[in-house]
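Report on the following structure.
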Amino acid sequence: MKRKKSSSLEIGSTRHGSSGTKFEVFLSFRGSDTRTSFTDVLYHALLDKGISVFLDEHRIDIGEEIGPEIFQAIDDSKICIPIFSRNYASSSWCLRELEHMMQRRKTNGLEVSPIFYDVEPSDVKLKSKVYKDALTLHKKERGVEIVKRWKEALKEVAKIKGWDTKGHGKLAKLIAQKVLLKLKEPYVHITDNLVGMDESVNEVVNLLDVKSTDVRLIGICGMGGIGKTTLAKVVYHKLSTNFESQSFIADIREASNGSSLLNVQRQLISDIIGDVGFQVPNLDSGMAMIQNRFGRKKVLIFLDDVDHTRQLTALAAKEEWFGLGSRIIVTTRDKSVFSKFKGQFKHCLIYEAKELENFEALQLFSKHAFRRDSPPNAFLSLSEEVITKTSGLPLAIEVAGSFLCDKSELVWQDTLKKMHHGPLKGVKENLMLSYEALECYQQQIFLDIACFLAGYNKSYAAYMWHDCEFFPEEGIVVLLLMSLVKIGENNELWMHDQLKDLGRSIEQQQFLKDPTKGSRVYRQEEGPDIVQRKKGTGTVAVFGGTSKDFIKMPDIRFLHTTSGTLCGDFEDCLSELRWLCWHQFPTKLQATNFCPKNLLILDLSWSSVDEHWGGWTQFKVATRLKVLNLSCCDKLKETPDLSAFLFLELLILRRCSELTTLPNSIEMLQCLVELDVSYTSFTELPNTIVNLKSLKLLKMNSSHIQKLPKAIGMMEKLEEIYGENCKWLEMIPIDIVKLRFLKILKFTCTRLKNVPKLPQSLVSLCLSSSTAEKILEISNLNLPSIRNLEFCFSGGDNISSVFYKSERRPHALYSSSSMKLPSVTGISSFGGWLHCTELQLSECKNLRHILRLPSGLRKLEIRDCPLLEVIDLSNLEYLLELRLINDEICVSDIQRLEDLASLRCLRVRNCKSSKFSGLERLKNLRILQLWMCPFLQTLPNLSNFKNLQEFVLWCCPKLIEIEGLDRLKSLERLDIRHCSSLRSLPNLSHLKKLKMNRW
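full-length UniProt numbering numbers the first residue of the sequence shown as 1 and each following residue consecutively.
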């Protein structure tokens with residue numbers, strides 16, 4: 001039997017990026033009807049478009065059976081086109097092809113596009129004798145069952161919208177064009193060495209939510225080399241079949257230089273609507289064409305490496321340009337490219353790409369260095385050193401691994417030494433793109449952070465940069481948007497190790513070229529040597545050094561050292577010093593004429609200075625001082641004279657354990673913005689503190705404060721008050737309601753007996769007391785802006801149940817709530833008041849039942865509630881994570897578990913339940929952990945858990961069997977221990993993603 005295959009087979013299949021598809025189109029036809037007419041014309045029209053086609057040159061003789069290669073050809077094709085002619089149903093060969101096509105359409109989503117050549121769809125539906133008579137004849141030879149299947153296939157295919165033939169040539173060309181558009185998926189290459197992508201891919205897929213009909217613009221952001229493009233490619237491959245048209249345009253930053261953005265625009269239009277002879281003479285015409293032609297299409301568009309808003313403006317400016325359900329995904333180093341589009345797209349979301357975890361980084365490195373998943377024992381230690389230096393950056397890992405492949409141990413040692421001085425070549429070139437995109441002042445800020453300011457308070461640094469005219473407000477924002485720096489929870493500056501290495505290598509190269517120019521010394525041992533070589537020339541900044549040699553460096557603006565001393569005559573020296581960080585400052589200052597008149601930040605933390613220290617007199621010349629940090633100066637019993645520092649904005653007295661009060665003269669610091677008296681022995685604040693009209697932040701954590709000033713409402717700009725672990729606090733003054741800008745109020749472990757009416761401006765409220773007489777009267781709160789809420793009350797005997805009622809606005813939403821209610825026995829309803837997405841109920845020692853929870857919950861944790869028996873989960877359809885964690889066995893009835901349709905993570909410990917009814921319906925579950933469930937006897941069949949990645953089962957002695965475990969194709973971690981009745985597990989060797997298996 002001879003088969004005719006298109007000569008363009010290899011070109012077509014390669015061009016469209018199909019690794020397993022040998023043919024793109026399968027033609028099914030009745031040879032005697034159309035072989036030399038329409039089928040031949042269509043065949044050549046498809047070939048002319050470069051489409052690979054499977055076509056039978058000589059149809060089989062009567063009585064000869066169809067071979068398995070035909071079924072395989074259908075399976076291998078992307079589109080099947082049955083051409084229904086007058087005698088199509090007379091051929092059992094054609095009908096068997098059709099039956100197989102329709103089966104694959106149901107099971108695999110095979111595209112079937114029928115052509116009604118000289119029959120009507122009603123004929124194919126068997127509403128006339130055209131096909132009915134043929135099937136009657138087949139019934140005698142093939143039997144009733146086979147013909148019944150053919151009838152079903154015919155009726156099903158007739159429901160599909162197809163083509164009616166009117167003019168062979170024109171129709172064939174039109175069909176070929178339409179087929180090409182359906183097949184045209186831009187080819188994207190994905191490396192075979194993918195590691196640690198699953199979680200990120202799932203998170204992006206969830207953001208995209210392809211089932212939703214809205215239009216979404218999603219940004220995948222991160223520093224260079226973090227894997228944004230690889231992540232985009234994997235997501236593209238995973239989702240592209242869900243869209244009518246697709247386009248993946250790579251390297252837009254490079255491709256759109258000069259006037260080339262027009263070519264990028266042309267490529268996008270061609271990908272989506274095909275080559276229809278259009279002309280795009282300029283960008284405005286292209287934008288108009290996108291707006292007019294894309295609006296009725298559900299499209300998937302990936303724009304890789306965008307670095308300017310003008311590129312997005314030309315390609316995807318507005319939501320209304322695209323049809324319902326469309327998704328536009330952009331990878332970029334610079335989040336600012338999205339700033340102007342947030343108003344144009346209702347759903348404009350950002351995803352931050354992540355570094356690899358250590359075990360993932362080691363696996364990726366091993367794939368490149370050793371072509372295996374883990375390093376050999378002889379190179380394990382060296383490999384771990386390399387991984388430590390790369391800090392989880394995929395590009396750095398790949399470059400290092402590829403370079404070290406098949407290299408000797410000596411080369412490895414030399415490479416590690418080289419990595420201590422900066423990134424390897426391929427990594428440095430990539431990261432330099434981001435550095436070179438910065439303006440001059442932004443580069444100076446970047447180098448400061450890279451060399452010595454990582455880990456320091458951003459506010460401190462901003463004072464110095466502002467005074468040096470580096471424009472820090474703009475500069476920090478730019479660095480944040482370009483993922484070159486991050487700000488930590490405590491306002492500290494953070495930079496990736498590879499970026500720090502880059503900055504230090506840049507600084508080192510600049511210094512080697514011209515030692516007389518500014519230098520940043522980031523190794524203490526280099527300080528004196530730099531001083532000797534510079535011989536009085538301007539030094540930008542120095543980290544380290546403790547000797548009088550620094551007298552030779554008059555232009556120092558930053559100096560950090562520990563212990564040591566200053567001696568000699570400092571006349572005309574250190575006049576440019578802006579920041580002095582001298583921990584363990586000497587009790588005696590031996591310097592004379594020490595005159596840091598331009599000092600802005602003075603940090604004497606961990607020093608033994610007291611209020612009588614002689615150095616205070618010399619520091620009084622620093623009248624421009626903005627920050628005074630005396631943390632952990634445990635010799636201080638009184639604050640020093642601050643009268644010279646009238647421009648002071650930050651006063652940090654944290655952990656000055658002997659300090660008992662502030663002077664009344666504190667009121668003269670009218671510029672003070674932040675005051676921290678945490679971990680001091682203060683029992684009260686002076687009444688004059690209310691005259692600090694600029695104060696925004698007050699911290700008194702773990703102090704002995706018993707009460708706040710009665711007139712606290714006069715501190716009109718106060719935004720945040722922190723009083724964690726204030727065990728002596730008994731009263732909040734009613735005047736607090738006047739603080740109309742107060743956003744955060746946190747008082748924990750207090751002796752509060754009641755709480756007055758609070759400001760409506762509050763965004764975060766955390767209150768706990770061991771002496772509360774009753775639960776707060778929620779209706780008195782009326783907090784329309786609250787986002788985070790935490791309560792913990794214990795003490796009163798009348799606290800036995802929770803019924804929250806208020807006139808809350810229905811749209812109000814809290815992001816997080818945490819409650820400890822030791823005396824509460826039942827939660828019947830949170831009413832309309834608690835609209836939170838995260839809720840933690842812990843140490844509710846008497847809680848027995850929870851009958852209704854806030855419907856908007858995304859995360860629920862119930863911890864250490866030993867008497868809890870019943871939980872009703874019926875209205876939690878949006879819940880993503882559920883934790884029931886107890887130290888004692890409880891909870892016998894978990895109701896409506898099956899309603900948690902969105903649940904991804906379920907963790908249960910110490911549960912009485914003998915079965916988890918409804919668990920089998922949680923198809924989105926990714927993590928399932930069951931610990932210490934002594935009565936658990938059965939688990940439902942797990943085969944529905946297609947997305948389950950982690951399954952942990954500990955100490956369930958009565959469990960006999962786990963069904964469906966061998967069908968968990970996404971499973972990566974399996975940990976089963978101390979389940980004594982469980983005798984064996986099925987063969988799991990075919991679960992390719994399984995990395996850890998403990999049994």
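A virtual CB, placed ideally from N, CA and C, is assigned to each residue, including glycine.
{"query": "Would you list the one or two residues that DSSP bridges to Met731?", "result": "Lys707"}
{"query": "Go ahead and pull the three-state DSSP assignment for Asn780.", "result": "Unreliable positioning characterises Asn780 in this predicted model, as indicated by a pLDDT of 48, which lies under 50. A coordinate reading is not provided."}
{"query": "Exposed or buried, Cys633, counting other C-beta atoms within 10 Å across all chains shown (16 or more means buried)?", "result": "buried"}
{"query": "Name the one or two DSSP bridge partners that Tyr236 has.", "result": "Tyr236 is not bridged to any residue."}
{"query": "Leaving aside the five residues before and after Ser981 along the sequence, list all residues of the same chain whose C-beta is less than 8 Å from its C-beta, in chain order.", "result": "Pro957, Lys958, Leu959, Ile960"}
{"query": "Does the distance from the C-beta atom of Gly723 to that of Ile736 stay below 9 Å?", "result": "no"}
{"query": "If contacts are defined as beta-carbon pairs under 8 Å, then Phe23 and Ser77 qualify, I think. What distance do you get, rounded to the angstrom?", "result": "5 Å"}
{"query": "Going by CA-CA distance only, name the one from Asp33, Ile885, Arg751 that's closest to Lys707.", "result": "Arg751"}
{"query": "So Thr331 is in the alpha helix (DSSP H); what residue range does that whole segment cover?", "result": "Per DSSP, Thr331 belongs to no alpha helix (DSSP H); it is in the beta strand (DSSP E), 327-332."}
{"query": "Have a look at the DSSP bridge pairing and note the partners of Ala591.", "result": "Gly568"}
{"query": "Is it the case that the Cβ atoms of Ser761 and Phe791 are separated by a distance below 9 Å?", "result": "no"}
{"query": "Run the CB neighbour count on Gly488, radius 10 Å, all protein chains shown included, and call it buried at 16 or more, exposed below.", "result": "exposed"}
{"query": "Which whole runs of the alpha helix (DSSP H) in the stretch 144-219 are 4 residues long or more, in chain order?", "result": "144-157, 168-183, 198-208"}
{"query": "Nearest to Leu988 by alpha carbon, out of His978, Asn701, Ser970, Leu882?", "result": "Ser970"}
{"query": "At a cut of 8 Å, does the stretch 916-935 reach the stretch 885-905 through at least three beta carbon pairs?", "result": "yes"}
{"query": "Spatial neighbours of Ser366 within its chain, please: C-beta separation below 8 Å, excluding the five flanking residues on both sides.", "result": "Arg372, Asp373, Ser374, Pro375, Ser383, Gly401"}
{"query": "Rounded to the nearest angstrom, what separates Leu55 and Ile962 at their Cα positions?", "result": "48 Å"}
{"query": "Using 8 Å as the threshold, is the stretch 851-866 in touch with the stretch 874-884, meaning 3 or more CB pairs across them?", "result": "yes"}
{"query": "Smallest Cα separation from Glu199: which of Thr331, Val235, Gln670?", "result": "Val235"}
{"query": "Please report the straight-line C-alpha distance between Leu985 and Asn924, rounded to a whole angstrom.", "result": "24 Å"}
{"query": "Taking the alpha-carbon of residue 1019 as reference, which of Ile81, Thr136, Leu857, Lys635 has the nearest alpha-carbon?", "result": "Here the chain covers residues 1 to 999 and nothing more, so residue 1019 does not appear."}
{"query": "How many angstroms separate the CA atom of His990 from the CA atom of Phe116?", "result": "45 Å"}
{"query": "What are the boundary residues of the alpha helix (DSSP H) that includes His347?", "result": "Careful: His347 lies outside any alpha helix (DSSP H), inside the beta strand (DSSP E) at 347-352."}
{"query": "What is the C-beta distance between Lys743 and Ser770, in whole angstroms, given that I count them as a contact (C-beta under 8 Å)?", "result": "Incorrect: roughly 26 Å between the Cβ atoms, too far for contact."}
{"query": "For Trp954, which three-state DSSP category applies?", "result": "strand"}
{"query": "Does the pairing of the stretch 453-470 with the stretch 425-433 give three or more beta-carbon distances under 8 Å?", "result": "no"}
{"query": "Who are the near neighbours of Val205 in its chain, counting only those whose CB is closer than 8 Å to its CB and skipping five residues on each side?", "result": "Val235, Lys238, Leu239"}
{"query": "Take Val386 and list the residues in its own chain whose beta-carbon comes closer than 7 Å to its own, dropping the five residues that flank it on each side.", "result": "Phe365, Ala400, Leu416"}
{"query": "Which of helix, strand or coil does DSSP assign to Trp606?", "result": "coil"}
{"query": "If you draw a straight line from the C-alpha of Ser89 to the C-alpha of Ala134, how long is it?", "result": "According to the sequence displayed, residue 89 carries Ala and not Ser. Cα to Cα, the separation comes out at about 6 Å."}
{"query": "Excluding the 5 residues preceding and the 5 following Leu669 in the sequence, name in chain order all residues of the same chain whose CB lies nearer than 6 Å to its CB.", "result": "Leu648"}
{"query": "To the nearest angstrom, how far is it from the Cα of Arg142 to the Cα of Gln103?", "result": "19 Å"}
{"query": "Do you know offhand how far Leu262's Cα is from Arg216's?", "result": "24 Å"}
{"query": "Using three-state DSSP, classify Ser247 as helix, strand or coil.", "result": "strand"}
{"query": "What's the C-alpha gap between Phe585 and Ser605?", "result": "8 Å"}
{"query": "Would you kindly work out how many angstroms separate the C-alpha atoms of Leu695 and Met714, rounded to a whole number?", "result": "11 Å"}
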